[in-house]
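So the protein lines, in turn, are chains A and B.
All the letters of the first sequence, read from the start, carry residue numbers 15 to 200 under this note's numbering.
All the letters of the second sequence, read from the start, carry residue numbers 32 to 140 under this note's numbering.
Below is one structure, written out as structure tokens; comments come after it.
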Amino acid sequence: MASSSDWIPWVSGAKEGDEDAFARLYHATRPRLHNAICHLVGEDHAVDIVQKAFVRAWERLPDLEEDAAFAGWLRRIAVNLVRDQWRSRKPHDEIPEDDEDGALQEPSPDPSVQVEGLQDAEHLRKAVSALPEIFREAVVLHYLDGFPVDEISRILDLPRGTVLSRLARGRDRLRRILSPIREVTP
Amino acid sequence: MNIDDESLEAALRAVPPILGQDDWTDLKRRLGARRTFRTRLRRWRPTLRLAGGCLLVLLAVGLWQTLQGHRSVVASGLELRTWTSAHQEAVKQTPLADPWTQALAETSR
Numbered sequence: 015m016a017s018s019s020d021w022i023p024w025v026s027g028a029k030e031g032d033e034d035a036f037a038r039l040y041h042a043t044r045p046r047l048h049n050a051i052c053h054l055v056g057e058d059h060a061v062d063i064v065q066k067a068f069v070r071a072w073e074r075l076p077d078l079e080e081d082a083a084f085a086g087w088l089r090r091i092a093v094n095l096v097r098d099q100w101r102s103r104k105p106h107d108e109i110p111e112d113d114e115d116g117a118l119q120e121p122s123p124d125p126s127v128q129v130e131g132l133q134d135a136e137h138l139r140k141a142v143s144a145l146p147e148i149f150r151e152a153v154v155l156h157y158l159d160g161f162p163v164d165e166i167s168r169i170l171d172l173p174r175g176t177v178l179s180r181l182a183r184g185r186d187r188l189r190r191i192l193s194p195i196r197e198v199t200p
Numbered sequence: 032m033n034i035d036d037e038s039l040e041a042a043l044r045a046v047p048p049i050l051g052q053d054d055w056t057d058l059k060r061r062l063g064a065r066r067t068f069r070t071r072l073r074r075w076r077p078t079l080r081l082a083g084g085c086l087l088v089l090l091a092v093g094l095w096q097t098l099q100g101h102r103s104v105v106a107s108g109l110e111l112r113t114w115t116s117a118h119q120e121a122v123k124q125t126p127l128a129d130p131w132t133q134a135l136a137e138t139s140r
């Protein structure tokens with residue numbers, strides 16, 4: 015996979031309408047984006063959302079001011095598409111408002127994702143997908159996609175403190191989900 | 032089992048990525064279907080930029096020439112005024128210095 019400094023010139027080329035440069039950019043940046051989106055909406059919807067994100071990126075590339083910021087900018091487009099997907103999936107149930115005061119109800123742990131330890135990647139993935147969406151966004155972008163907190167605060171358009179708080183609460187919930195059944199129940 | 036923050040973070044970071052499959056053909060088809068005037072224009076942007084640059088140079092040259100012309104008109108106006116005032120001054124001092132006045136004086140004699 016090409017490093018970010020390799021694909022920056024392709025961003026400038028794609029901005030000028032060079033489809034070959036955009037193809038190279040797609041091949042270099044798609045796998046990581048696919049991974050993040052998979053953890054947000056599941057593999058079935060991820061392919062379509064990733065393709066849609068690249069179509070939007072192609073159309074809006076001239077608006078991108080800093081070529082080096084392409085990855086974060088692309089994530090922002092993709093996260094907006096993910097949120098659209100969440101909204102369409104549950105039309106009468108809004109994405110929960112921020113839960114900084116702990117107002118959000120704690121979901122009961124799903125026994126199918128409660129595991130003995132952290133070794134099993136598949137169980138970790140299931141635990142992440144069981145997180146409420148607002149925490150899942152932050153956890154996926156930070157731990158599974160590797161974005162720093164400042165970048166996530168730009169992607170999600172949230173203050174840095176809110177991102178940190180969502181990460182902490184996301185970890186708390188993951189811990190609860192991952193705790194073995196025998197310790198959760200008496 | 033109590034999972035500490037560090038182990039949880041390390042475990043999350045170690046989850047192998049799901050990379051999926053590249054499908055450039057599908058993306059190219061989607062791009063083609065949504066090709067707007069704006070995206071088409073982008074391909075011609077370098078040519079348009081060059082043409083715009085040439086036009087600007089031509090306009091600048093035209094403007095410069097116009098200004099030069101205006102400056103020579105101003106200069107010749109200034110020369111005329113200087114010459115006239117010098118002539119009038121000379122005539123005031125010695126009326127017959129003007130060849131026209133001299134000719135008139137001789138004719139009337």
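Glycine residues also receive a C-beta, built at the ideal position from the N, C-alpha and C atoms.
Note that this is a predicted model, so its numbers are computed, not measured.
Secondary structure of Leu-78 (chain A), DSSP reduced to three states: The three-state secondary structure of Leu-78 (chain A), taken from DSSP, is coil.
On the criterion of 16 or more Cβ atoms from any shown chain inside 10 Å, does His-137 (chain A) qualify as buried, or is it exposed? It counts as buried.
When burial is assigned at 16 or more other CB atoms within 10 Å of the CB, is Trp-95 (chain B) buried or exposed? Looking at its Cβ environment, which holds fewer than 16 other Cβ atoms inside 10 Å, Trp-95 (chain B) is exposed.
Assigned secondary structure, Glu-30 (chain A) (DSSP; H/G/I helix, E/B strand, else coil): Note: Glu-30 (chain A) maps to coil in three-state DSSP.
Where does the unbroken alpha helix (DSSP H) through Leu-39 (chain B) begin, and where does it stop? That run of the alpha helix (DSSP H) goes 36–44.
Whole angstroms are fine: how far does the CA of Val-96 (chain A) sit from the CA of Ser-102 (chain A)? Spanning the two alpha carbons is a distance of roughly 10 Å.
Just the chain A side, please: which residues come within less than 7 Å of Glu-40 (chain B) by C-beta, in chain order? Within 7 Å Cβ-Cβ: Tyr-157.
Extent of the continuous alpha helix (DSSP H) to which Ile-49 (chain B) belongs: Neither: Ile-49 (chain B) is in no alpha helix (DSSP H) and is coded neither H nor E.
With a threshold of 8 Å between beta-carbons, can Leu-87 (chain B) be considered close to chain A, or not? Leu-87 (chain B) does not count as touching chain A.
I want to see whether chain A comes within less than 8 Å of Leu-62 (chain B), judged by CB atoms only; does it? Judged by the 8 Å Cβ criterion, Leu-62 (chain B) is in contact with chain A.
Are the C-beta atoms of Arg-189 (chain A) and some chain B residue less than 8 Å apart? So, interface residue.
Residue range of the unbroken alpha helix (DSSP H) whose run includes Leu-89 (chain B): In the DSSP annotation of this structure, the continuous segment of the alpha helix (DSSP H) that includes Leu-89 (chain B) starts and ends at 76–124.
Buried or exposed for Leu-192 (chain A), please, with buried defined as at least 16 other CB atoms from any protein chain shown within 10 angstroms of its CB. Its Cβ being crowded by 16 or more others within 10 Å, Leu-192 (chain A) is buried.
Can you have a look at Thr-43 (chain A) and say buried or exposed, based on whether 16 or more other CB atoms are within 10 angstroms of its CB? When all chains shown are included, Thr-43 (chain A) counts as buried.
Under 7 Å from the C-beta of Leu-50 (chain B): neighbouring residues of chain A: Correct list: Pro-45, His-48 and Asn-49.
Chain A residues whose Cβ lies nearer than 7 Å to that of Arg-73 (chain B): Correct list: Glu-30, Gly-31 and Pro-76.
Does any residue of chain A have a CB that is nearer than 8 Å to the CB of Leu-43 (chain B)? When Cβ-Cβ separations below 8 Å define contact, Leu-43 (chain B) makes contact with chain A.
For the pair the segment 33–50 of chain A and the segment 46–62 of chain B, tell me if three or more CB-CB distances fall below 8 Å. Judged by Cβ distances under 8 Å, the segment 33–50 of chain A makes contact with the segment 46–62 of chain B, as three or more pairs qualify.
Contacts that Gln-65 (chain A) makes with chain B (C-beta to C-beta distance below 8 Å): Near Gln-65 (chain A) (Cβ distances below 8 Å), the residues of chain B are Asp-54, Asp-57, Leu-58 and Arg-61.
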